[in-house]
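**Q**
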Amino acid sequence: MVKKSEVKKIFKKGIYTENPVFVQVIGICSALAVTNLMMNSLIMGIALSFVTAFSCLTVSLLKSYTPKHIRMMVQVLIISSFVIIVDIYLKAYMPNMSKALGPYVGLIITNCIIMGRAEGFAQANPPVLSFLDGIASGLGYTLVLLMISSIREILGFGTVFGFQILPEAITKWTLMVMPPSAFFILACIMWVTNNRRLKLERKGAEKR
Numbered sequence: 012m013v014k015k016s017e018v019k020k021i022f023k024k025g026i027y028t029e030n031p032v033f034v035q036v037i038g039i040c041s042a043l044a045v046t047n048l049m050m051n052s053l054i055m056g057i058a059l060s061f062v063t064a065f066s067c068l069t070v071s072l073l074k075s076y077t078p079k080h081i082r083m084m085v086q087v088l089i090i091s092s093f094v095i096i097v098d099i100y101l102k103a104y105m106p107n108m109s110k111a112l113g114p115y116v117g118l119i120i121t122n123c124i125i126m127g128r129a130e131g132f133a134q135a136n137p138p139v140l141s142f143l144d145g146i147a148s149g150l151g152y153t154l155v156l157l158m159i160s161s162i163r164e165i166l167g168f169g170t171v172f173g174f175q176i177l178p179e180a181i182t183k184w185t186l187m188v189m190p191p192s193a194f195f196i197l198a199c200i201m202w203v204t205n206n207r208r209l210k211l212e213r214k215g216a217e218k219r
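In the numbering used here, the protein residues as written are 12 to 219.
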């Protein structure tokens with residue numbers, strides 16, 4: 012039976028205290044590449060969450076039967092299988108989104124977040140907790156993507172999820188449509204969130 016406190020701790024780590032993007036600084040290539048539109052970011056985030064959660068679940072289920080000397084190869088094979096499922100689904104049911112995301116769906120295989128959670132958590136924890144950890148890490152990744160893409164889409168296109176919210180007469184920021192803008196936005200998000208996290212940690216240490 013999974014305790015609520017364990018679930019809460021897992022999600023707190025995945026979303027905030029150990030967020031894969033702005034704390035661990037991994038998986039940032041796709042975070043910067045697909046954040047020009049919020050819908051692209053949402054689908055990419057869901058895809059990575061699906062792959063991470065089910066890969067961690069499978070790794071945890073098979074850990075007792077996997078020889079140590081081929082463990083990494085087995086993990087890559089498992090991750091690749093779920094990425095292929097996502098890629099096939101997008102091509103079959105969301106062809107426009109598949110084209111928009113381009114090669115970055117296939118590159119989920121190389122995303123450090125998935126391998127990190129599979130090796131660092133699923134390999135040493137039960138299946139249910141591993142599955143929840145995968146969802147939490149994927150959710151943390153997705154939220155960062157949406158934060159970046161919301162700024163870029165509003166300022167670059169005047170829209171949110173494709174819906175026009177700013178008047179057409181307002182001058183759009185061309186810089187926000189270009190990939191380099193994601194670097195600046197991510198840096199600002201990392202600075203604000205890490206600064207806040209460190210302040211909270213200091214306050215907690217002082218109270219002790």
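A virtual CB, placed ideally from N, CA and C, is assigned to each residue, including glycine.
Quick one: is residue 131 buried, meaning 16 or more other Cβ sit within 10 Å of its Cβ, or exposed?
**A** Answer is exposed; the Cβ neighbour count stays below 16.
**Q** Please state if the CB of residue 90 and the CB of residue 129 are separated by a distance shorter than 9 Å.
**A** In this structure, residue 90 lies closer than 9 Å to residue 129 by Cβ.
**Q** Beta carbon of residue 87, beta carbon of residue 119: below 9 Å?
**A** Their beta carbons are not under 9 Å apart, which means residue 87 does not touch residue 119 by this criterion.
**Q** Per DSSP, which residues does residue 171 bridge with? Please list them.
**A** Residue 171 is bridged to 174.
**Q** For residue 79, which of helix, strand or coil comes out of DSSP?
**A** In this structure, residue 79 counts as helix in the three-state DSSP scheme.
**Q** On the three-state DSSP scale, how would you describe residue 48?
**A** Reduced to three states, the DSSP call for residue 48 is coil.
**Q** For residue 107, which option in 18, 139 and 50 has the closest C-alpha, if you only look at C-alpha atoms?
**A** Out of 18, 139 and 50, 50 has the C-alpha closest to the C-alpha of residue 107.
**Q** Quick test of your reading: residue 150 and residue 60, contact by CB under 8 Å. State the CB separation rounded to the nearest angstrom.
**A** 6 Å between Cβ atoms; contact.
**Q** Considering only residues of the same chain and omitting the five flanking positions on each side of residue 117, which have a CB-CB separation below 7 Å?
**A** Same-chain partners within the cutoff: 94 and 98.
**Q** Taking 7 Å as the limit between beta carbons, can you name the residues of its chain near residue 139, skipping five residues before and five after?
**A** The answer, listed in chain order, is 13.
**Q** Grab me the residues of residue 25's own chain with a C-beta within less than 7 Å of its C-beta, minus the 5 sequence neighbours each way, in chain order.
**A** Within the same chain, residue 25 has close Cβ partners 144, 147, 148, 150 and 151.
**Q** For the candidate residues 38, 63, 34 and 166, whose alpha-carbon lies nearest to that of residue 180?
**A** Cα-wise, what sits closest to residue 180 is 166.
**Q** With three or more C-beta pairs closer than 8 Å as the rule, is the region 191–211 touching the region 19–33?
**A** Yes, the region 19–33 is in contact with the region 191–211.
**Q** Check residue 130 in the structure and name its three-state DSSP category.
**A** Three-state DSSP puts residue 130 in a helix.
**Q** Quick check on this structure: which residue in 45, 168 and 102 has the alpha carbon closest to the alpha carbon of residue 182?
**A** That would be 168, whose Cα lies nearest to the Cα of residue 182.
**Q** Would you mind sorting residue 40 into buried or exposed? The rule is 16 or more other CB atoms within 10 Å of its CB.
**A** So residue 40 ends up on the exposed side.
**Q** I'd like to check one pair, residue 45 with residue 111: are the Cβ atoms closer than 9 Å?
**A** Cβ distance < 9 Å, so residue 111 and residue 45 count as in contact.
**Q** Between residue 58 and the rest of its own chain, which residues show a CB-CB distance below 7 Å, the 5 nearest in sequence each way excluded?
**A** Cβ within range, chain order: 97, 116 and 119.
**Q** Return the residue from the list 71, 157, 21 and 62 that minimises the CA-CA distance to residue 134.
**A** Measuring from the Cα of residue 134, the nearest candidate turns out to be 71.
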